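Participant: Here UniProt numbering is used: position 10 in the sequence shown is 10, and no number is missing along the way.
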Amino acid sequence: MNTIRLKITTKGVWTMNELTYTMVGDYSLPNLKLPQQPEVTLGRYAQMRREFLKEHHRVLYYNLLTRGELTQHLAEVEQRASKMEETILSQMAQKEGVTEQMKAEDMMKWVRLMNSLRNSAQEIVKAEVIFA
């Protein structure tokens, strides 16, 4: 393992950082570690967003990952998507006349309508937040 000391300047401040390298065959590869990210339980929207970024926007995904901002980005997407789904669902239910009275009178019809509206709201959220 080789060690190289570098002087790095940021806004006029000089610091000494130590980089260590490991020889792999004929190459010296730096020993790099990702910045610490908080442990967060990701919901379904955050997981969908992560997979979308991994498959379709690799540069953005790896930039967020190496800067330590991926978890924060996914948490924000999860929160925004959940709030948007909730808002759209309540607006659609009000527009379609799905009420608590309908729930009391005909539960199966209410469940059918709410499932249909929830699926529609989720598709809108996916298009506007997850896959945008």
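In this text, a Cβ means the ideal position worked out from N, Cα and C, and glycines have one as well. The model shown is predicted, which means the values in this text are computed figures rather than measured ones.
#1: Assuming contact is defined by CB atoms lying nearer than 7 Å, are R118 and L89 in contact in what I supplied?
#2: How do the stretch 76-91 and the stretch 45-55 stand: do at least 3 beta-carbon pairs fall below 8 Å, yes or no?
#3: Under a three-way DSSP split, which group does V24 fall into?
#4: Just the C-alpha distance for M84 and F131, rounded to the nearest angstrom, thanks.
#5: Any idea what DSSP makes of L117, helix, strand or coil?
Facilitator: For this structure:
#1: It is a contact, given that the beta carbons lie within the stated cut-off.
#2: Cβ pair count under 8 Å is three or more, so yes.
#3: In this structure, DSSP gives V24 an extended state, which the three-state scheme calls strand.
#4: Distance between the alpha carbons of M84 and F131 is about 14 Å.
#5: L117: helix per DSSP, three-state reduction.
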